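Student: If you scroll down you'll find the structure; I have some questions about it.
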Amino acid sequence: MARRSPSVSLNDPVRSAGGALTDLSINQRAIQDMIDRVARPASSASVISNGAEMQLQQLLLQNDRLQSRLDALEDENKRLLSSLGTAEASVSSLNARLASLKQEREQGQSRTSELEASARASERSLSEKESTIEALQRQLEQSVQDIEKAKGDGEARLRDLQSKLDDKEVLAAQLKELIDAKEGQQSENDAVLDAKNAEIAVLEARVQKAYAELEEERRELGGQVDELRKAGQASHFGETIALYEERLSAADQRRYEMEDFIASLQEQLQAQARPVSPSTMARQATTALEIDNESLREQVQHLQKKLGTFEDLLEDARAATEREENAGRERLMQYKEREDAIRQELLESQKEIERVVKSEEGARARVAEIEEALRENTVALENARAEIEGLRAEIADLEGIAVAAGAIKSPQRMPRPLNGEYELIKAEKTDLERTCKERELELARERENAATLRIQLEERNAELETIRKKLNREQSVNGAEEVKKSSVTASPSKQDLYAAREEIKGLKHIIQELQLENTKAAQRTKVLESENKLLLSEADQLREDMKTLEDNVEQTLLREEQALEAEEAALNGEPDDLAALQKTMREMKGKYESELEQMRKRLSEAEMKSARAVHDLNKEIGELESLIESKIYREDELEREVSRLQERLAKSQKKSSKGPSEDARSSATPSLSSVSSSISSRPDSAMSDSASRSGGEDVCEICDKPGHDIFTCDLLKEDRPLSVGSASDFLKKSAIDDLFCEDCEEHGHTAANCPHSLDVF
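For what it's worth, our numbering labels the leading residue of the sequence shown as 1, then goes sequentially.
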């Protein structure tokens, strides 16, 4: 009669361990009742041969082995559930850490915005400084123009005075000629004239004495002015103004002297015309001297006031420059402190990322352990399924033997008991199939849970990779391995196709998110490049200013010495006064430029630091862009892999829809029995040996053979699922290959059969 061999998928969900135990106990009771009923009647005892009894004993032994195997599987399922709980706890901790990292990222963004605001404020302050510098330059130019104007006025006044002096000299010569003529004409008044001449000589001596006193007072005042200038350290600008005013005062004094001299000569002429008493002449001379002294005192006081005002202006300018320098230094210190704080925050964030990466690696290791345990569980379930198939075949053979014996011996009495036994065996078979399906469904659920955990870990990994800056990408192939494994070992179903479609949707969504992040990163790079250009331009300007300031500071002493020499030359009345004034004005202009150069040089260091920071940011942006590109390429590869797996699923679904034939099932029976015998003869230490061996070298997860991985496995070269015959072949081969010697650490034998057992390890 035709028997249907049910196909069981490993992706089906597995039932709980308690339900499996109850089903197993029910199956054991049913088998025991069947054996009792078969052994109770005398007619059946005469029919069943010794071979049938041996087969029943084998069934009992296999049932015991299945019971022990199911107990082991139950323990393994408990361990897997506990490991899944730990994995969920680790995933929750990772979620919490990711939330904290997101908060830190938001804080970093807020800090960057604050820094940008501070940079804008600094830019505004720099623009204000530039405006103040321009205003000072305009004031300097205005003062230079005023000085030049005053200088021109003074020169014009000097020319006027010189012309007046020339006129007076001509007049004096004419008067002398007239006096000589009158002396020739008035010879009778020689005695009177001699007396007058003597009086005039006395008056001239007094005038000379007064002039000498005035010269001494002028020298004393000049010495006091020089002492005041040296003590106050006045600027070159004030000194040149004082020098010019002194020259003007000297010219005015000369003019006054000449006017007084001309007036005295006129008075003498008038006195010669009419006799004047010596007392009136002395009074006139003393009044003239007093007037001259008063005018000189007023001029000296006026000059002292001007000197005081200019000194105050210079002190104010120096104080303003010192305040600006101190403010610039304080801002530089603030920028340095902010930069140090930002670097510290970056180091802390990098350390936090490293800690998260370590925890992520630990979670990955735990997931890998869970996957390894699931793989071992699938292998054990495959073995149990093979044994169950062998038991089914043997039970079917026993049914055939019992039916044949009952038909020959007593065709009228045996049909009812045999029909009952057949029904029981059939029910047992359905129960076993149901338990296998439930086990496979439970295993599929565990796989789905592991896949969801893996997807969550990959999503967390993607989020972390967008945050961290200097971390190499690790290529993860766990998802592809799981898909390939499920496509080879499991039969296709609608759930697999739906899961594949959902996975494709998720990958497309991830691609869109990464593209958006890529565009955002490009925009950020553009903004940073524009800021970098602005900072570079400002840095160039500051560098030029600092250079000029340094040069001018070095030339300050030389300029002061030249100013002193120019003052001495002006006091001595040298003819190159105008050239000296122009030279001093140029030197003053150079001095202000040198101070600006000093300021620029002081700010050059801050500009270099900002340039380094911008360079580091550009480097990190480039690394992020390369990371995003590698992510996009990896997603394209995953999409191609998913499409290829879908094609394989479609092909395998078409093949599985045809259904196996009767001959294939009948030929599968001896192969299954051989599989069960090989599994029963396989030692229990093989599983532990293979588990210990998998951690030391590369082991294929499909055929469990060392020396290659799932990508280079020969079983993947064929576009078909593993059949029962191929499974039996590879289990027979792996039964020998999985043997591992703990003494010599080699495969193919155990420690009891080690050829190197006589050696000392």
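Ideal placement from N, C-alpha and C gives every residue a C-beta, glycine not left out.
In this text the structure is predicted, and so the values were computed from the model without any measurement.
1) Check each candidate in Arg434, Lys520 and Leu649 and name the one with the smallest Cα separation from Glu625.
2) How many angstroms separate the CA atom of Ile200 from the CA atom of Gln208?
3) Rank Ile179, Glu322 and Glu215 by C-alpha distance to the C-alpha of Gln268 and give the top, closest one.
4) Which term fits Glu376, buried or exposed, when burial requires 16 or more other beta carbons within 10 angstroms of its beta carbon?
5) Is the beta carbon of Val91 less than 8 angstroms from the beta carbon of Ala363?
6) Please identify the residue among Glu155, Glu394 and Leu296 whose C-alpha is closest to the C-alpha of Glu215.
7) Any idea what DSSP makes of His747, helix, strand or coil?
8) Closest to Glu369 by C-alpha separation, out of Gln253, Leu158, Glu637 and Leu84, would be which residue?
9) Do Gln555 and Gly590 have their C-beta atoms closer together than 8 angstroms?
10) Put Glu742 into one of helix, strand or coil per three-state DSSP.
11) Below 7 angstroms CB to CB, which residues in the same chain sit around Pro683 once its five sequence neighbours on both sides are set aside?
12) Please report the straight-line C-alpha distance between Asp146 and Leu314, rounded to a whole angstrom.
13) With a threshold of 8 angstroms, are at least 3 pairs of Cβ atoms found where one atom belongs to the segment 253 to 263 and the other to the segment 336 to 353?
14) Distance check for Leu289 and Leu303, CA to CA, integer angstroms please.
15) Pair every Cβ in the segment 59 to 68 with every Cβ in the segment 310 to 329, then say whether three or more of these pairs are closer than 8 angstroms.
16) Are Arg255 and Leu161 close, meaning C-beta to C-beta below 8 angstroms?
17) Output the distance between the C-alpha atoms of His615 and Arg634, rounded to the nearest integer angstrom.
18) Taking Glu458 as the reference, give the member of Lys651, Arg138 and Val367 with the closest Cα.
19) Which residues in the same chain as Ser692 place their Cβ atom closer than 6 angstroms to its Cβ, once the five residues preceding and following it in sequence are excluded?
20) Determine the burial state of Ile291: buried for a count of at least 16 other Cβ atoms within 10 Å of its Cβ, exposed for fewer.
21) Identify, in the order they occur along the chain, each residue of the same chain with its Cβ nearer than 8 angstroms to the Cβ of Ser122, setting aside the five sequence neighbours on each side.
22) Exposed or buried, Gly748, counting other C-beta atoms within 10 Å across all chains shown (16 or more means buried)?
23) Using the C-alpha atoms, what's the distance from Ala173 back to Ala251?
24) Considering only residues of the same chain and omitting the five flanking positions on each side of His756, which have a CB-CB separation below 6 angstroms?
25) Taking its Cβ as the centre, do 16 or more other Cβ atoms sit within 10 Å of Asn326, making it buried, or is it exposed?
26) If you compare alpha carbons, which of Thr287, Glu245, Leu638 and Glu387 is closest to Gly70?
27) What's the gap between the Cα of Glu337 and the Cα of Glu116?
28) Can you tell me whether Val356 is buried or exposed? The criterion is at least 16 other CB atoms within 10 Å of its CB, across all chains shown.
29) Can you say whether Arg29 is buried or exposed, counting buried as having 16 or more other CB atoms within 10 angstroms of its CB?
30) Roughly how many angstroms separate the alpha carbons of Cys754 and Cys703, rounded to a whole number?
31) What residues in its chain sit with their C-beta under 8 angstroms from that of Glu80, if we drop five residues either side in the sequence?
32) Using 10 angstroms around the beta-carbon of Ala87, count the other beta-carbons present and answer buried if the total reaches 16, otherwise exposed.
33) Give me the residue from Ile511, Val527, Lys654 and Glu361 with the minimum Cα distance to Glu637.
34) Between the C-alpha atoms of Leu381 and Asp33, what's the straight-line distance to the nearest angstrom?
Tutor: Once the coordinates are examined:
1) Lys520
2) 12 angstroms
3) Ile179
4) Using a 10 angstroms sphere on the CB of Glu376, the tally of other CB atoms reaches 16 or more, which defines it as buried.
5) yes
6) When each option's Cα is compared against that of Glu215, the closest is Leu296.
7) Three-state result, His747: strand.
8) Leu84
9) yes
10) coil
11) For Pro683, the predicted structure reports a pLDDT of 36, less than 50, and the residue's modelled location is therefore unreliable. A value from the coordinates is still provided. None.
12) 17 angstroms
13) no
14) Per the coordinates, the alpha-carbon of Leu303 lies some 21 angstroms from the alpha-carbon of Leu289.
15) As far as the Cβ criterion goes, the segment 59 to 68 does not touch the segment 310 to 329, which means the pair count is below three.
16) yes
17) Whole-angstrom Cα-Cα distance: 29 angstroms.
18) Val367
19) Any reading at Ser692 must be qualified, since the residue scores a pLDDT of 40, below 50, and its modelled position is unreliable; the value itself is stated next. Around Ser692: no qualifying Cβ.
20) exposed
21) Arg331 and Tyr335
22) exposed
23) 22 angstroms
24) Cys744
25) exposed
26) In the sequence on display, residue 70 carries Leu and not Gly. For Leu70, the nearest C-alpha among the options comes from Glu387.
27) 15 angstroms
28) buried
29) exposed
30) 25 angstroms
31) With the sequence shown as reference, residue 80 is identified as Leu, and Glu is not the correct amino acid for it. Counting only Cβ-Cβ distances below 8 angstroms, and skipping sequence neighbours, we find Ile370, Ala373, Leu374, Asn377 and Glu446.
32) buried
33) Ile511
34) 27 angstroms
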